[in-house]
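Chemist: Mind the numbering: the sequence shown is residues 1 to 162 in UniProt numbering, read in order.
Just so it is clear, CB atoms sit at the ideal spot from N, CA and C, and this is done for glycine as well.
Nothing here was measured: the structure is a model prediction, and the numbers come from that model.
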Amino acid sequence: MANNRKFKSSKARKFEDLNVYKQARMLTNKVYEITRRGGFSKDYSLVDQIRRASVSVMSNIAEGFERGSNTEFIQFLYIAKGSCGEVRSQLTIAYDQKYVGEDDYKNLVERCVQVSVMLANFIGYLRGSGLRGAKFKKIPRKSMAEELDEMLEEIKRKHNKK
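#1: State yes or no: is the C-beta of Gln-49 within less than 7 angstroms of the C-beta of Gln-90?
#2: Near Glu-86, which residues of its chain fall below 7 angstroms by C-beta distance, leaving aside the five closest residues on each side in sequence?
#3: If we count the other Cβ atoms within 10 Å of its Cβ and call it buried at 16 or more, is Lys-81 buried or exposed?
#4: Pick out the complete alpha helix (DSSP H) segments inside the region 9–86, 4 residues or longer, and give them in chain order.
#5: Only counting the same chain, and skipping five residues up and downstream in sequence, which positions put a Cβ closer than 6 angstroms to that of Arg-127?
#6: Give me the Cβ distance between Ile-123 and Tyr-78, rounded to the nearest whole Å; I'm assuming they're in contact under 8 angstroms.
#7: Expressed to the nearest angstrom, what Euclidean distance is found between the alpha-carbon atoms of Gln-75 and Asn-160?
#8: Please classify Val-113: is it buried, with 16 or more other beta-carbons within 10 angstroms of its beta-carbon, or exposed?
#9: When you compare only the Cα positions, how much space is there between Glu-147 and Glu-66?
#10: In its own chain, which residues sit with a C-beta less than 8 angstroms from the C-beta of Arg-111, not counting the 5 before and 5 after it?
#11: Please report the Cβ distance between Asp-43 and Tyr-99, rounded to the nearest whole angstrom; I am assuming they are in contact, meaning their Cβ atoms lie under 8 angstroms.
#12: To the nearest angstrom, how far is the alpha carbon of residue 174 from that of Ile-61?
#13: Give the secondary structure of Val-100 by DSSP, where H, G and I count as helix, E and B as strand, and everything else as coil.
#14: Assuming Thr-35 and Arg-51 make a contact with CB atoms under 8 angstroms, what is their CB distance in whole Å?
#15: For Met-58, decide whether its Cβ has a neighbour in chain C, counting only Cβ atoms nearer than 7 angstroms.
#16: Looking only at its chain, what residues have a beta carbon closer than 7 angstroms to the beta carbon of Val-109, apart from the 5 residues adjacent to it on each side?
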């Protein structure tokens, strides 16, 4: 599983740093681009559905990341993966209806598969990592005496400024 190594070395501080999020964003932008064209733009129902599905991929990666628990993150990554499949299915409908040409269809399906594989690899990494997520990190706390000392020092500083 060579792909999992890239997840270990990258400690994303925000979801925008994740490669899978960046790829999902590119997919969404491409979906918006093709749904503005010709007959596709007139099929309001399909346009709405495929756009919402592509946005769902990005949104679920973001929401899962922000939850702070790897268990929840994995759950949202699975939802994102499902939405990716939904985009592929809707692309097939668009292709069958001749809303998109073969090149665009193949390119977008390939992007969907790429994002789906990245999600699967990321899920596998998180499951095997033993990490529980930021929500469970122990935050070092100061003792009550240390906190009181700091408060007293702050009061003294403010008082001496007057």
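Modeler: Looking at the atomic coordinates:
#1: It is a contact, given that the beta carbons lie within the stated cut-off.
#2: Ala-53
#3: With 16 or more neighbouring CB atoms inside 10 Å of its own CB, Lys-81 falls in the buried class.
#4: List check, alpha helix (DSSP H) in window: 19–34, 38–42 and 44–67.
#5: No residues qualify anywhere along the chain.
#6: 7 angstroms
#7: 54 angstroms
#8: exposed
#9: Each residue's Cα considered, the two are about 30 angstroms apart.
#10: Gln-23, Met-26, Leu-27 and Lys-30
#11: With 8 angstroms as the limit, Asp-43 and Tyr-99 qualify as a contact, their Cβ atoms being about 7 angstroms apart.
#12: Nothing can be reported for residue 174: it is not among the residues displayed for the chain, which extend from 1 to 162.
#13: coil
#14: 6 angstroms
#15: Here there is only one protein chain, and chain C is not present.
#16: Arg-88 and Leu-91
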